[in-house]
Amino acid sequence: MLMSTTSTLEGKKIKEYRGIVFGEVVNGVNFTKDFLASITNFVGGRSKEYEEEIVNARADAVKEMMDRAKKIGANGLIGIKIDVETISVNENGVMLLVVATGTAVVVED
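Numbered according to my numbering, the sequence shown spans residues 409 to 517.
(1) Beta-carbon separation of threonine 511 and isoleucine 486 under 8 Å?
(2) What is the C-beta distance between lysine 551 and glutamate 516, in whole angstroms, given that I count them as a contact (C-beta under 8 Å)?
(3) Please classify alanine 508: does DSSP put it in a helix, a strand, or coil?
(4) Determine the DSSP secondary structure at methionine 489, reduced to helix, strand or coil.
(5) Buried or exposed for tyrosine 425, please, with buried defined as at least 16 other CB atoms from any protein chain shown within 10 angstroms of its CB.
(6) Nearest by alpha-carbon distance to alanine 469: which of Glu499, Val502, Val513 and Glu493 is it?
(7) Using only the alpha-carbon positions, how far apart do glutamate 499 and threonine 414 sit?
(8) Assuming contact is defined by CB atoms lying nearer than 8 Å, are leucine 410 and asparagine 483 in contact in what I supplied?
(9) If we ignore side chains and look at the alpha-carbon of each, how far apart do lysine 471 and glycine 431 end up?
(10) Answer with buried or exposed for glutamate 459, where buried requires no fewer than 16 other C-beta atoms within 10 angstroms of its C-beta.
(11) Going by the CB atoms, is the gap between arginine 466 and valine 434 shorter than 8 Å?
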C-alpha cells in the first residue's frame, strides 16, 4: 500500500477517494516500565521502555488503518497523521493512546 503524509502520491493519479480511515491503539504500560521511566525522568535521559511502547503502538495503529483501508478497496493512504497521547489511569500509571488517521484512496497502477 502506498502511503504519504501529503495530499498526493508523487507520480500517481488518484482515481477515487474512499474516505477517512482510522487505526486506534490503547496500550497499558506496566508497573515495571512506569517505575523505570520515573527513574529516568528524575535523573534525565531517554526512556527506552516508553519509546519501545510508542514504537509498537504506532506500528499497530498504522497496520489497523491500512487494514481498514484495504477493506474498503483502497490501495493508498494520503494525509496520514499520527497522534500519541497519554491517559492517566491513576497516580501509579498511564496508558498510551495512538491514533493513525488518513484518507483512503484508489490510485492507478
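Idealized CB from N, CA, C, for every residue including glycine.
Reading it off the structure:
(1) Cβ atoms of threonine 511 and isoleucine 486: closer than 8 Å.
(2) Nothing in the structure corresponds to residue 551, since the chain is present only between 409 and 517.
(3) strand
(4) The amino acid at residue 489 is misidentified as methionine; the sequence shows lysine. Here lysine 489 sits in strand by DSSP.
(5) exposed
(6) The candidate whose alpha carbon is nearest that of alanine 469 is Glu493.
(7) Cα to Cα, glutamate 499 sits roughly 39 Å from threonine 414.
(8) yes
(9) 7 Å
(10) Exposed.
(11) No, these two residues do not count as a Cβ contact at 8 Å.
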